[in-house]
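Visitor:
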Ligand code: GUN
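Residue numbers (the numbering used here): 43 to 326.
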């Protein structure tokens, strides 16, 4: 079997075209959705991610502002900036690019963001609402994965999904979202002994550990959907995921490439959450 390639770029383009119409409709009501991004320090990967987020906002008419703070700025400087953005009526979404420098407490920072502007879906109010099945904002990467599965009509209910990874950004919310849709979910992580015992049974595997070649064709069931969330940079500068793409492709039913699979969808879901936040200001 040669797997169908799950094209996150193409699905993103389709969704962004629809989103641009929603932004136009908001503009008719004199609302311009606004996203503020806080970037602390000079982590090269974070700088690339933030630049891509800004470009994506520009492309569909969302106003974006990047607030750059030096790597040794105080925690209270970040908190002050967030309080200012919380009360700025032109800002509908606030995002603090992670990771933060070690001297800044992630939880303190994420929890000062108003839940109604938490377009990353990381605030504990939004995480709690996700657990009970009524979240306003879902974290962007797992939200994007769900959209990809739906776009390719990959069944979720009654299927066995294996999530590899236990991060707050991907692994944990991914498992909850699949569970909410009726999958039987196994949550593994980088320390799971004999991972293939789980992955060989899986109809859907989401790999989100950040380790090259963690999953290969011998570890997966014929016809399974393999979703690769990993982004790893090799010594030669190229980007690869967590999955050995070529061997997986000859066994799986669906596989996401890296780059061009989940990555574009993460940003698209950030746009979706920011637009939704702006739309909610009309409803309220
Ligand atoms: N760092 C890596 N992924 C993410 C993300 O989805 N949101 C934020 N804020 N930081 C990240």
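Just so it is clear, CB atoms sit at the ideal spot from N, CA and C, and this is done for glycine as well.
What do you reckon, are the CB atoms on residue 227 and residue 203 nearer than 8 Å?
Guide: As a position in the chain shown, residue 227 is number 185, starting the count at 1. As a position in the chain shown, residue 203 is number 161, starting the count at 1. Yes, they are a contact pair.
Visitor: Give me the Cα-Cα distance between residue 146 and residue 194, rounded to the nearest whole angstrom.
Guide: Translated into positions along the chain shown, residue 146 becomes position 104. Translated into positions along the chain shown, residue 194 becomes position 152. Answer to the nearest angstrom: the Cα atoms are 40 Å apart.
Visitor: In the DSSP assignment, the alpha helix (DSSP H) including residue 90 goes from what residue to what residue?
Guide: For the purposes of this step, residue 90 is taken as residue 48 along the chain shown, with counting starting at 1. Segment 86-102, the alpha helix (DSSP H) holding residue 90.
Visitor: Can you name the start and end residues of the alpha helix (DSSP H) that residue 57 belongs to?
Guide: Within the chain shown, residue 57 is the residue found at index 15, counting from 1. Its alpha helix (DSSP H) spans residues 50-70.
Visitor: For residue 305, does the count of other Cβ atoms within 10 angstroms reach 16, so buried, or fall short, so exposed?
Guide: Stepping through the chain shown from its first residue, residue 305 is reached at position 263. That one is buried.
Visitor: For residue 46, which of helix, strand or coil comes out of DSSP?
Guide: By 1-based counting over the chain shown, the position of residue 46 is 4. It is a strand residue.
Visitor: Under 7 Å from any heavy atom of the ligand GUN, does the C-beta of residue 100 make it?
Guide: Against the chain shown, residue 100 aligns to sequence position 58. Flag unset: Cβ of residue 100 not near the ligand GUN.
Visitor: Between the region 229-249 and the region 259-266, do at least 3 Cβ pairs fall closer than 8 Å?
Guide: Yes, the region 229-249 is in contact with the region 259-266.
Visitor: Over what stretch of residues does the beta strand (DSSP E) that includes residue 230 continue unbroken?
Guide: Indexing the chain shown from 1 puts residue 230 at position 188. Residue 230 -> beta strand (DSSP E) spans 226-230.
Visitor: Using 7 Å as the cut-off, classify the Cβ of residue 140 as near or not near the heavy atoms of the ligand GUN, replying yes or no.
Guide: Here residue 140 refers to the residue found at position 98 when the chain shown is read from its first residue. Yes.
Visitor: In or out: residue 80 buried (at least 16 other Cβ within 10 Å) or exposed?
Guide: Position 38 of the chain shown holds residue 80. The residue in question, residue 80, is buried, as its Cβ has 16 or more Cβ neighbours within 10 Å.
Visitor: Tell me whether the beta-carbon of residue 295 lies closer than 8 Å to the beta-carbon of residue 250.
Guide: By one-based count along the chain shown, residue 295 stands at place 253. By one-based count along the chain shown, residue 250 stands at place 208. No; because the gap between Cβ atoms is not below 8 Å, this pair is not in contact.
Visitor: In angstroms with no decimal places, state the Cα-to-Cα distance between residue 176 and residue 278.
Guide: The count along the chain shown starts at 1 and reaches residue 176 at position 134. The count along the chain shown starts at 1 and reaches residue 278 at position 236. Near 44 Å, if we compare the C-alpha coordinates of residue 278 and residue 176.
Visitor: How big is the Cα-Cα spacing for residue 192 and residue 49?
Guide: If you number the chain shown from 1, residue 192 lands on position 150. If you number the chain shown from 1, residue 49 lands on position 7. Approximately 13 Å between the Cα atoms of the pair.
Visitor: Answer with yes or no whether the minimum CB distance from residue 155 to chain D is below 8 Å.
Guide: Protein chain content of the structure displayed is limited to a single chain, and chain D is not contained in it.
Visitor: With distances taken Cα to Cα, identify the nearest neighbour of residue 68 among 280, 102, 44.
Guide: Start at 1 with the first residue of the chain shown, and residue 68 comes out as number 26. The shortest C-alpha separation from residue 68 is found at 102.
Visitor: Give the DSSP bridge partners of residue 108, in chain order.
Guide: Along the chain shown, read from residue 1 onward, the residue named residue 108 stands at position 66. Paired residues: 79.
Visitor: By alpha-carbon positions, which one of 190, 231, 154 ends up nearest to residue 209?
Guide: Taking the chain shown and counting its residues from 1, the one referred to as residue 209 is at position 167. That would be 231, whose Cα lies nearest to the Cα of residue 209.
Visitor: Is it buried or exposed for residue 122, if we count other Cβ within 10 angstroms and need 16 for buried?
Guide: The sequence position of residue 122 within the chain shown is 80, counting from 1. That one is exposed.
Visitor: Which runs of the beta strand (DSSP E) fall wholly inside the region 261-291 and span at least 3 residues, in chain order?
Guide: Within the region 261-291, the complete beta strand (DSSP E) runs of at least 3 residues are 267-270.
Visitor: Curious, which full-length beta strand (DSSP E) runs of at least 3 residues does the region 177-246 contain?
Guide: Counting whole runs of 3 or more residues, the region 177-246 contains the beta strand (DSSP E) stretches 202-206, 226-230.
Visitor: Mind checking whether residue 256 and residue 236 have CB atoms under 8 Å apart?
Guide: Against the chain shown, residue 256 aligns to sequence position 214. Against the chain shown, residue 236 aligns to sequence position 194. Their beta carbons are not under 8 Å apart, which means residue 256 does not touch residue 236 by this criterion.
Visitor: For the alpha helix (DSSP H) containing residue 140, name the first residue and the last one.
Guide: Position 98 of the chain shown, counted from the start, is the residue given in the question as residue 140. Unbroken run through residue 140: none, as it is neither H nor E.
Visitor: How long is the line joining the alpha carbons of residue 143 and residue 150, rounded to whole angstroms?
Guide: The sequence position of residue 143 within the chain shown is 101, counting from 1. The sequence position of residue 150 within the chain shown is 108, counting from 1. Whole-angstrom Cα-Cα distance: 13 Å.
Visitor: Within this structure, are the beta carbons of residue 315 and residue 289 separated by less than 8 Å?
Guide: Locating residue 315 in the chain shown gives position 273, where the first residue counts as 1. Locating residue 289 in the chain shown gives position 247, where the first residue counts as 1. It is not a contact, given that the beta carbons lie outside the stated cut-off.
Visitor: Below 7 Å, is the gap between the Cβ of residue 310 and the nearest heavy atom of the ligand GUN?
Guide: As a first step, residue 310 is located in the chain shown; it is residue number 268 there, counting from the start. No - the ligand GUN has no heavy atom lying nearer than 7 Å to the Cβ of residue 310.
Visitor: At which residues does the alpha helix (DSSP H) containing residue 170 begin and terminate?
Guide: The residue you call residue 170 lines up with position 128 of the chain shown. 166-173 is the extent of the alpha helix (DSSP H) around residue 170.
Visitor: Counting pairs of Cβ atoms below 8 Å between the region 120-139 and the region 59-79, do you hit three or more?
Guide: Touching, per the Cβ criterion.
Visitor: For residue 200, collect the residues of the same chain with a Cβ closer than 8 Å to its Cβ; drop the 5 residues on either side in sequence, then sort them by chain order.
Guide: The count along the chain shown starts at 1 and reaches residue 200 at position 158. So the list reads 224, 225, 226, once near-sequence residues are dropped.
Visitor: Under 8 Å, do residue 299 and residue 47 count as touching if we go by C-beta distance?
Guide: Reading the chain shown from its first residue, position 257 is the one you call residue 299. Reading the chain shown from its first residue, position 5 is the one you call residue 47. Cβ distance < 8 Å, so residue 299 and residue 47 count as in contact.
Visitor: With a 10 Å radius around its C-beta and 16 neighbouring C-beta atoms as the bar for buried, classify residue 56 as buried or exposed.
Guide: By one-based count along the chain shown, residue 56 stands at place 14. The residue is exposed, with fewer than 16 neighbouring Cβ atoms inside 10 Å.
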